[in-house]
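>
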Amino acid sequence: MGELGHYLIGVTSKAIAMDLHYGDISCQLNGTIYEITGVKKECRSANSSESCNEFNTNDTQYCEWTYNGLGIDYQILAGPSFIAVFTVVGVILGFAADKYNRVRMLTVCTVIFGIAIIICGSVTEYWQLVLLRMIMAAGESGCNPLATGILSDIFPEDKRALVMSLFNILGNPDVIL
603 MGELGHYLIG VTSKAIAMDL HYGDISCQLN GTIYEITGVK KECRSANSSE SCNEFNTNDT
663 QYCEWTYNGL GIDYQILAGP SFIAVFTVVG VILGFAADKY NRVRMLTVCT VIFGIAIIIC
723 GSVTEYWQLV LLRMIMAAGE SGCNPLATGI LSDIFPEDKR ALVMSLFNIL GNPDVIL
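Just so you know, the sequence shown maps onto residues 603 to 779 in our numbering.
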């Protein structure tokens, strides 16, 4: 589930940017046209909205001047807003895991992460998305240290290497692929 927080924004950035109006604006392939034949020029060769709107084939405009989801807005969204919170809160939760009930802490972290990722689907402003990504990072940051702490408590020392290996491989199916 944690991979949703990491990679989903990269995959959906263009669609989200068009809805929330963030990122750079450029000429790009019209998202409502699924099959295009006879394209004379690439959309990215246009430098303005006027030149972008001139790209037609068979009386169909195949390019549109819109938000592409890239630029500094995307860099902030995918980078520092997530990574800074993930790092700081992860260290704090790692220390707290030695003092408090790990199972309850893991439950709270999972609920926070889950709620934040669900609410991300209903944002209407860029700042809301940044804030929810920060909350998502805070919730996700505790999952690995807390889960490994719980596994260390459950399994004897001679089995921990195997258990931790299985946890890290099976917890991240993309590692297997």
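For glycine and all other residues, C-beta sits at the position ideal for the given N, C-alpha and C.
On the DSSP letters alone, give me the boundaries of the beta strand (DSSP E) that E666 sits inside.
Note, E666: beta strand (DSSP E), 665–669.
> Please classify E666 as buried or exposed, where buried requires at least 16 other C-beta atoms within 10 Å of its C-beta.
It counts as buried.
> By how many angstroms is the C-alpha of Y624 removed from the C-alpha of I674?
Answer to the nearest angstrom: the Cα atoms are 9 angstroms apart.
> Could you please give the first and the last residue of the uninterrupted beta strand (DSSP E) stretch that includes L631?
Here the beta strand (DSSP E) through L631 covers 627–631.
> Does DSSP classify N649 as helix, strand or coil?
It is coil, neither helix nor strand.
> Give a yes or no on contact between the region 749–759 and the region 722–736, applying the rule of three or more CB pairs nearer than 8 angstroms.
No, they do not touch.
> Out of N649, I771, V693, G723, point me to the one whose CA is closest to E742's CA.
Closest by alpha carbon: V693.
> Does the distance from the CB of V725 to the CB of L622 come in under 8 angstroms?
Taking 8 angstroms as the Cβ cut-off, V725 and L622 qualify as a contacting pair.
> Rounded to whole angstroms, what is the Cα-Cα separation between Q663 and N649?
Using only the alpha carbons, I get a separation of about 16 angstroms.
> Can you tell me which residues form a DSSP beta bridge with N658?
N658 pairs with Q663.
> For K616, which residues of its own chain have a beta-carbon under 7 angstroms away from its beta-carbon, when the five flanking residues on both sides are left out?
Counting only Cβ-Cβ distances below 7 angstroms, and skipping sequence neighbours, we find N670, G671.
> Tell me whether the beta-carbon of P747 lies closer than 8 angstroms to the beta-carbon of A686.
Not a contact, by the Cβ cut-off of 8 angstroms.
> Taking a contact to mean a Cβ-Cβ separation below 8 angstroms, would you say F688 touches A619 in this structure?
Cβ distance not < 8 angstroms, so F688 and A619 don't count as in contact.
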